[in-house]
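A quick write-up on the structure given underneath.
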Amino acid sequence: MFTEFFYTLRQVGVPVTPTSFLRLQKALSKGLINSVDDFYISSRAILIKSERYFDLFDQVFAHHFKGVELSDPTEFDLSEAAKALLDAWLKDPQAIADALGIDEDSLAHLSPEELIDYFLERLKEQTEAHHGGSKWIGTGGTSPVGHSGYHPGGMRVGGMSRNKSAVKVAMDRRYRDYSLAGPLTRTHMGEALKRLRNMIPTGPKDRVNIDETIYQTMKNAGEIEIIFERSLKDRLKVILVIDNGGWSMDPYIDMVQSLFDYSRSQFKDLKTYFFHNTIYDYLWVDPPRRSKPYAVDEFVRIDPETRFIIVGDASMAPYEIMATDGSIHLEERSGRPSIERLQFLADNFRHSAWLNPKSSVEWPYTGTINIIRQIFPMFEITLDGLEKMVTHVMSKN
Amino acid sequence: MSTEEIERTFSGGTKYVLDEELAKIVNITMALEMPLLLKGEPGTGKTMLAYAIAESLRMPLIVLNVKSSMKLIDALYQYDTLTRLNDSRFGDSKRDISNIEDYIKMGKIGQAFVADERAVLLIDEIDKADTDFQDDMLDVLDQMEFDILEIDKTIKAKQRPVIVITSNAKKDLSDPFLGRCNFHHIAFPEPDMMREIVQVHFPDINQDLLETAVKAFYRLREFKEVEKKPATRELINWIRAMNADPDFRVKDIIKGDIPYLGVLFKKSPDYAIAQRAVSRHRL
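So the sequences go chain by chain: Z and P. Using numbering that gives the first Met the number 0, read the first sequence as starting at 0 and increasing by one per residue. Using numbering that gives the first Met the number 0, read the second sequence as starting at 0 and increasing by one per residue.
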């Protein structure tokens with residue numbers, strides 16, 4: 000039963016497993032599910048394992064049980080706009096009918112689906128005609144989403160009521176905010192960085208080492224000898240180097256920096272340096288990169304076990320990285336190309352990584368990214384990328 | 000389902016307002032004998048749900064608070080070697096030193112397994128532990144048995160406990176873990192629901208206060224910059240604070256003078272933002 004439903008879910012990319020599907024069948028055969036509402040709730044609890052897929056599930060459910068069109072993401076935004084339009088129209092049928100260029104009566108004869116289609120058609124034309132500033136779509140502020148409006152033909156728009164059918168609930172798409180597309184927040188990244196730790200015994204000897212105690216007691220001919228040891232604490236050193244020069248980096252600097260600051264208490268030591276585009280002879284301790292230089296050569300004195308993490312878009316003109324006088328800042332003339340300095344850093348710190356805010360899809364098209372990737376392993380600034388980065392810098396070799 | 004089981008379905012506790020959706024999920028989870036994984040904003044009653052289930056079904060509740068340093072074995076059982084060593088040296092206890100079983104203490108999961116009645120086992124904040132812990136634990140909960148290595152004995156669950164697992168993580172748990180659970184995400188309650196919840200906690204609350212407090216609360220939640228938005232738990236504490244203050248008048252809130260902001264906003268930057276906004280907008 001509901002095999003098609005199951006496969007539609009798979010098709011749209013919801014990870015549903017056969018095991019969970021069988022479990023749903025079990026629930027059905029036990030007579031636990033007696034209505035569409037029950038089915039909606041139970042199938043979601045059993046099949047869907049993350050709130051990020053609730054929205055997709057709602058869409059598929061509405062599609063399957065009500066024949067609602069499955070929308071492409073792009074179309075979806077349009078249909079939201081259409082909804083706002085419908086609302087406006089419900090308040091003032093005359094005005095919209097005029098705007099659409101058909102009279103009110105014939106509008107009332109359209110079925111809700113036809114109406115939406117019609118709106119979408121018009122809307123597409125509109126967006127093309129008035130790029131950016133269409134007064135139709137500019138509903139922000141003037142048209143609060145109304146409740147309980149009725150189309151003359153009988154379709155309910157928006158609105159909330161307490162005893163809605165499952166299909167209606169599904170059509171509401173309450174879980175839109177949780178879907179995958181959401182932005183990466185501090186909490187998200189904090190999760191990923193949690194695993195960045197290195198446990199080392201520190202503090203007072205206040206834990207009993209049982210194995211050792213037993214061994215020593217036996218050696219002591221049964222006279223009890225209790226052995227204490229230190230407890231484990233996280234003592235990881237991290238160096239964070241941030242490209243704060245280009246516009247492209249601006250949205251990320253705050254986030255990355257505050258994040259590492261956030262977890263500072265967890266690390267033994269966290270140092271932050273800045274650079275522009277790529278690294279030459281100096282890094283800077285102060286964000287404006289003016290008063291406090293720090294020579295790259297000095298890094299040899301730092302514990303090579305330190306985790307060295309660079310954040311930057313790695314996108315620049317190839318000469319900046321390959322030429323001996325590559326820097327776009329005149330005062331940085333060292334005679335050594337940046338690529339050598341990067342290699343030097345990578346050799347010095349075994350555990351290093353490069354975080355790139357650009358999506359990995361774009362990487363192959365930027366020459367300098369390809370060059371830098373050969374020196375530092377590169378990761379995206381996404382939840383996934385961060386996790387991979389952590390795994391990489393924490394691995395033993 | 001037998002008649003007896005039907006009687007023992009869950010319909011909410013005395014201090015817990017349950018939406019129909021969640022009630023159905025709890026019941027189906029119990030019928031399928033699977034753990035229920037709950038996610039949601041902190042303070043929306045994930046943990047309280049387990050208490051409510053235990054109360055309404057009159058089952059004992061066993062709580063396992065997960066800590067980051069926890070190993071699975073701590074949750075199952077503990078072999079108290081030090082006491083045994085001590086006994087063997089001084090020999091002044093009634094325990095039988097040659098019988099290791101005397102020195103095995105059950106952990107929380109172990110307790111739930113050996114309990115004579117069916118228990119509710121709450122595993123709180125599973126996301127704190129590492130992935131290995133989570134997967135191994137689910138193996139145990141799946142098989143409903145574990146081995147005590149020291150005495151080569153298998154502990155089987157006498158009664159399958161009702162298992163509720165909560166997680167605060169934004170990140171997903173591992174796939175094998177999720178595969179073995181039913182899942183629900185507790186959304187933040189709508190104002191109507193919230194009024195009911197408050198009413199359950201304060202049966203004789205002044206209607207004016209209820210109305211104004213809930214309204215102000217939802218407005219306070221709208222601040223975009225705030226990192227930790229106040230949730231149900233904060234609202235209830237807030238109302239409790241206002242109730243306890245003899246000088247407090249409902250009119251104050253209407254006038255825009257919101258007392259005890261510190262109960263609602265617990266991070267200092269959040270508190271500052273809220274205070275600024277409140278004084279500016281005269282909420």
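C-beta atoms are modelled at their ideal positions from N, C-alpha and C, and glycine is treated no differently. Remember, predicted model here, so these are calculated numbers, not experimental data.
Kindly list, in the order they appear in chain P, the residues whose Cβ is closer than 7 Å to that of residue i.
i         : result
Thr18(Z)  : Gly178
Gly221(Z) : Arg88
With a cut-off of 8 Å on the beta carbons, I'd call residue i and residue j a contact; round off their distance for me.
i         : j         : result
Asp141(P) : Arg179(P) : 6 Å
Val262(P) : Asp207(P) : The pair is not a contact, with the Cβ atoms about 20 Å apart (cut-off 8 Å).
Val295(Z) : Arg340(Z) : 6 Å
Ala26(Z)  : Ser41(Z)  : 6 Å
Ile32(Z)  : Phe38(Z)  : 5 Å
Phe273(Z) : Pro292(Z) : Not confirmed; about 10 Å, so no contact.
Asp138(P) : Val62(P)  : Rounded, the Cβ-Cβ distance is 21 Å, inconsistent with contact.
Val65(P)  : Ile125(P) : 5 Å
Glu54(P)  : Phe187(P) : Rounded, the Cβ-Cβ distance is 23 Å, inconsistent with contact.
Are the C-beta of residue i and some C-beta of chain P separated by less than 8 Å?
i         : result
Val59(Z)  : no
Val11(Z)  : no
Gly311(Z) : no
Glu224(Z) : no
Gly384(Z) : no
Tyr371(Z) : The question names Tyr, but residue 371(Z) is Ile in the sequence shown. False, the Cβ-Cβ gap to chain P never drops below 8 Å.
Arg22(Z)  : yes
Ile320(Z) : no
Tyr149(Z) : With a pLDDT of only 33 at Tyr149(Z), under 50, the local geometry of the prediction cannot be trusted, and the value read off the model is given with reservation. No, no contact with chain P.
Ala44(Z)  : yes
Lys218(Z) : no
Against chain Z, with Cβ distances strictly below 8 Å, would residue i count as a contact?
i         : result
Thr28(P)  : yes
Leu81(P)  : yes
Leu31(P)  : yes
Lys214(P) : no
Lys228(P) : no
Lys23(P)  : yes
Find the residues of chain C that neighbour residue i, judging by a C-beta separation of less than 7 Å, and give them in chain order.
i         : result
Lys152(P) : Absent from the structure: chain C. Protein chains present are Z and P.
In chain Z, what lies closer than 8 Å to residue i by C-beta?
i        : result
Glu20(P) : Ile40
Strictly below 9 Å CB to CB, what residues from chain P border residue i?
i         : result
Val389(Z) : Here the premise fails: no neighbours, minimum Cβ distance about 12 Å.
Ile252(Z) : Near Ile252(Z) there are no residues of chain P at all, since even the closest Cβ is about 18 Å away, more than 9 Å.
Does DSSP put residue i in a helix, a strand or coil?
i         : result
Lys283(P) : Only positions 0 to 282 of chain P appear in the structure, and residue 283(P) is not among them; the question remains open.
Tyr214(Z) : helix
Thr365(Z) : coil
His275(Z) : strand
Met241(P) : helix
Gly384(Z) : helix
Gly109(P) : helix
Phe264(P) : coil
Phe201(P) : coil
Tyr259(P) : coil
Asn236(P) : helix
Val156(Z) : Note that Val156(Z) scores a pLDDT of 35, beneath 50, so its modelled location is shaky and nothing firm can be said.
Pro41(P)  : coil
Asp151(P) : coil
Thr73(Z)  : Confidence at Thr73(Z) is low in this model, with a pLDDT of 43, below 50, so its placement is unreliable and the value that follows should be read with caution. Residue state, collapsed to three classes: helix.
Phe9(P)   : coil
Arg306(Z) : strand
Thr211(P) : helix
Residues of chain Z with CB closer than 7 Å to the CB of residue i, please, in chain order.
i        : result
Lys38(P) : Glu50
For a contact defined as C-beta to C-beta under 8 Å, what are the partners of residue i on chain P?
i        : result
Phe53(Z) : His184
Ile47(Z) : Phe182
field: Contacting positions in the segment 179 to 198 of chain P - beta carbon closer than 8 Å to chain Z
entry: Against chain Z - using a Cβ distance shorter than 8 Å - the residues of the segment 179 to 198 of chain P are Cys180, Asn181, Phe182, His183, His184, Ala186, Glu189, Asp191.
query: Looking at chain Z, which residues of the segment 84 to 95 of chain P have a Cβ within less than 8 Å of any of its Cβ atoms?
result: Leu84, Asn85, Ser87, Arg88
message: Against chain P, which members of the segment 344 to 369 of chain Z pass a CB distance test of less than 7 Å?
response: none
field: Residues of the segment 25 to 38 of chain Z whose Cβ lies closer than 9 Å to any Cβ of chain P, in chain order
entry: Lys25, Ala26, Lys29, Gly30, Leu31, Ile32, Asp36, Asp37
- request: May I ask you to list, following chain order, the residues of the segment 201 to 215 of chain Z that have a beta carbon less than 8 Å from some beta carbon of chain P?
  value: Val207, Ile209, Thr212, Ile213
- prompt: Any residues in the segment 285 to 307 of chain Z with a beta carbon nearer than 7 Å to a beta carbon of chain P? Which ones, in chain order?
  reply: Result list empty, no residue passes.
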